[in-house]
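Residue numbers (our numbering), protein chains in the order written: chain X, 30 to 220; chain W, 88 to 354.
In this text, a Cβ means the ideal position worked out from N, Cα and C, and glycines have one as well.
Worksheet: the structure to be examined is printed underneath.
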């Protein structure tokens, strides 16, 4: 664990910092790819690491290093890329006139190995929903950590996660129906 | 307590993030409410599926080397000037890497190389369109909002090409529109870019006053052309005819012209 105040200036601590960053590179890049297209994800990952190097002496003991790095990446995304890569939110909202029943959808997705489709549907979520769904369901962060990374209250994380998953499920169910993997007419259920 | 009162807590319960007292309260409700039980199960199932299926990205080796080299460089100062210098160095490295790709043995323009990379990612199953739809009108609307420049958007696809969706993509220094089609399981990518002069690479094909350039790289064929006010790049399998460049934009009545193109110029 790095970040102990009494060791932060030592070369040993610096080496540990480099090792931990190196171990997180793919996770950081994967998160970057969930925010921006790959060429920019390269740059976003690099800038995040350099920014961490700049500020690593202020890393607070007790904070999980991975959460700290993801927070830096998300902040860099907001300051550099957000306006350019803000995605269309209206189309997805429009696909949610009612909650999908889509019983058996998850089984269909696993059996058909819809890896690219799951990725595509998640990346198509509006940013406010995409980030909590990615951080929870793909990266496995706790709510408290997601709130820290996303810079919002835990209550907001919960509501966006619930809504984001509903949108994701609706989009995947729609595609599954189009390909004949689910019955054509979704049953209406209470929201 | 009603469903509406408890629904806000359901997601936290499904994710094992709810405190003990609230969990007990919610479980009492779940015992007698099948709708909330189903909603809870769906949260868990979807989380499981997304965690299992979402493909993880791996940082490209050249970028990894650059980052690690930057981190290992000894520093005496970590002030604002140092980070500015580091950022300049990163930008220079990225530019140099892209320049090296451009000057590679195939001498393909940077945007062509980037388009090939994105298309190959779709073939591997690592990428999917940001907006997945087979509905032409929906795709057109999405693209017209997503693209930073105005330009004609494909009117339809001929033959056995099936529309799969659209994205935006970084090609070189610019943002392009990316329309994905499929022929069976095989992807066909059409990129829409701001206008440019394509270098005289590959084979030249002229049809209806438009100059197409057909380039073969590995197992892929790339067809590049301009049709004011935008430029296009089509990436498909090498064994596909260059006439596919027409097929992505024209359907129905235009089909005879496409067939003629194929006989005259296709591979």
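Legend entry - Limits of the unbroken beta strand (DSSP E) element including residue 294 of chain W: 290-294
Legend entry - Among W/307, W/312, W/320 and W/311, nearest to residue 326 of chain W - alpha-carbon criterion: W/307
Legend entry - Contact belief for residue 153 of chain X with residue 219 of chain W at Cβ below 8 Å, rounded distance in angstroms: 7 Å
Legend entry - Straight-line gap, residue 50 of chain X to residue 180 of chain X (C-alpha atoms, nearest Å): 22 Å
Legend entry - Counterpart residues of residue 298 of chain W in DSSP-defined beta bridges: W/293
Legend entry - residue 199 of chain W to residue 207 of chain W span [Cα, whole Å]: 12 Å
Inset, instruction - Would you kindly report the start and end of the unbroken beta strand (DSSP E) that includes residue 88 of chain X? - result: Per DSSP, residue 88 of chain X belongs to no beta strand (DSSP E) and is neither H nor E.
Inset, instruction - Let me know if residue 106 of chain W comes out buried or exposed under the rule of 16 or more other beta-carbons within 10 Å of its beta-carbon. - result: exposed
Inset, instruction - Could you pull out every residue in the same chain whose Cβ sits closer than 7 Å to the Cβ of residue 161 of chain X, ignoring the five residues on either side in sequence? - result: 175, 179, 186, 189, 190 and 193
Inset, instruction - Kindly indicate which residue of X/81, X/136, X/145 and X/151 has the alpha-carbon position closest to the one of residue 53 of chain X. - result: X/81
Legend entry - Cβ-Cβ distance between residue 149 of chain X and residue 272 of chain W below 8 Å: no
Legend entry - Where residue 221 of chain W meets chain X, residues with beta-carbon distance less than 7 Å: 207
Inset, instruction - Reducing DSSP to helix, strand and coil, say where residue 143 of chain W ends up. - result: coil
Legend entry - For residue 322 of chain W, the residue or residues it bridges with in DSSP: W/276 and W/309
Inset, instruction - Locate the alpha helix (DSSP H) running through residue 96 of chain W, then write down its first and last residues. - result: 90-101
Inset, instruction - Rank X/108, X/158 and X/167 by C-alpha distance to the C-alpha of residue 142 of chain W and give the top, closest one. - result: X/167
Legend entry - Contact the stretch 284-292 of chain W vs the stretch 251-268 of chain W: 3+ CB pairs below 8 Å: no
Inset, instruction - For the beta strand (DSSP E) holding residue 285 of chain W, just list the boundary residues, first then last. - result: Note, residue 285 of chain W: premise wrong, no beta strand (DSSP E); not H, not E.
Inset, instruction - Compare the C-beta of residue 203 of chain W with all C-beta atoms of chain X and state if any pair is closer than 8 Å. - result: no
Legend entry - Length of the line joining the Cα atoms of residue 61 of chain X and residue 300 of chain W: 34 Å
Legend entry - Residue closest to residue 118 of chain W, alpha-carbon to alpha-carbon, out of W/321, W/88, W/297 and W/313: W/88
Legend entry - Range of the contiguous beta strand (DSSP E) that encloses residue 261 of chain W: 261-270
Legend entry - Local Cβ density within 10 Å of residue 136 of chain X, reported as buried at 16 or more and exposed below that: exposed
Inset, instruction - Taking residue 151 of chain W as the reference, give the member of X/165, X/77, X/63 and X/45 with the closest Cα. - result: X/77
Legend entry - Interface residues of chain X facing residue 212 of chain W [CB-CB closer than 7 Å]: 144 and 145
Legend entry - Bridge partner(s) assigned by DSSP for residue 303 of chain W: W/308
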